[in-house]
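Participant: Residue numbers (the numbering used here): 1459 to 1529. All residues carry an ideal CB built from backbone N, CA and C; glycine is no exception. Sharing a structure here in C-alpha cells format.
So this is what it looks like as C-alpha cells:
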C-alpha cells in the first residue's frame, strides 16, 4: 500500500502509522518538505517539490510515474 497526497493532515497520519507515502509540496521554502515532512520513518517517505516551470514539472512527473511503477 502507498499513500499518495499533497502535504495534508492525512499524509502526516499515514506517515506516523508507518504507511509508505509519496507526497507533493509546493516549490517554496514555506511549503517545502524540509519544513513539513512527516514524522514517520524517512525510509518510507518520498517527497517531491512541484516546480513552477513546465519543463521541470514534466520531468518530475516522469520520475514520479517511474517511482509508482517500481513501488
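(1) Which of helix, strand or coil does DSSP assign to residue 1486?
(2) Taking Cβ positions, are residue 1529 and residue 1471 nearer each other than 9 Å?
(3) What are the partner residues of residue 1505, as DSSP defines its beta bridges?
(4) With respect to the beta strand (DSSP E) encompassing residue 1519, which residues constitute its N-terminal and C-terminal limits?
(5) Use the C-beta contact count for residue 1486: other C-beta atoms within 10 angstroms, 16 or more gives buried, fewer gives exposed.
(6) From residue 1504 to residue 1481, what does the alpha carbon distance come to, in whole angstroms?
Facilitator: Per the coordinate set shown:
(1) Sequence index remark: in the chain shown, residue 1486 carries index 28 (1-based). If DSSP states are grouped into helix, strand and coil, residue 1486 belongs with coil.
(2) As a working note, residue 1529 is residue 71 in the chain shown. As a working note, residue 1471 is residue 13 in the chain shown. Remark: C-beta atoms of residue 1529 and residue 1471 do not approach each other more closely than 9 Å.
(3) Taking the chain shown and counting its residues from 1, one reaches residue 1505 at position 47. Note: residue 1505 sits in a beta bridge opposite 1481.
(4) Here residue 1519 refers to the residue found at position 61 when the chain shown is read from its first residue. Where residue 1519 is concerned, there is no enclosing beta strand (DSSP E), although the alpha helix (DSSP H) it sits in stretches over 1512-1528.
(5) Walking along the chain shown from the start, residue 1486 turns up at place 28. Per the 10 Å Cβ criterion, exposed.
(6) Here the question's residue 1504 lines up with position 46 in the chain shown. Here the question's residue 1481 lines up with position 23 in the chain shown. So the two alpha carbons sit approximately 6 Å from each other.
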